[in-house]
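Q:
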Amino acid sequence: MFAIIRLLFILAVILIGFGAFKYQRTRDRYWIRVITWVLYFVLALLVMFFGGLIIQRAMGYP
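Encoded structure:
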């Protein structure tokens, strides 16, 4: 599960870079919205990741 979250995080970083590149070329506000939604997605992934780690540690798994 954590491998999938890591892959999604890497994909999000690539999408942010692509959105920034497209925004610099076109100055279209759409790309700013894409970047903000990707950032929200990354924050949600981080919360899920750390929540999973806390649950894993509380259950006694190494």
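When you line the sequence shown up against UniProt numbering, it's residues 1 to 62, in that order.
The beta carbon of each residue, even a glycine, is placed where N, CA and C say it ideally should be.
These numbers were taken from a predicted model, which means no experiment stands behind them.
Do you know how far the Cα of A3 is from the Cα of Q56?
A: Going from the Cα of Q56 to the Cα of A3 covers about 15 Å.
Q: Output yes or no for whether 8 Å exceeds the beta carbon distance between L45 and I5.
A: yes
Q: Under a three-way DSSP split, which group does Y40 fall into?
A: helix
Q: Just reading off the alpha helix (DSSP H) that G19 is part of, what are its end residues?
A: F2 to T26
Q: Which residues in the same chain as W31 place their Cβ atom closer than 7 Å to its Cβ, once the five residues preceding and following it in sequence are excluded?
A: Sequence-distant partners of W31 (beyond 5 residues in either direction) whose C-beta falls short of 7 Å from its own C-beta, in its chain, are G19, K22 and Y23.
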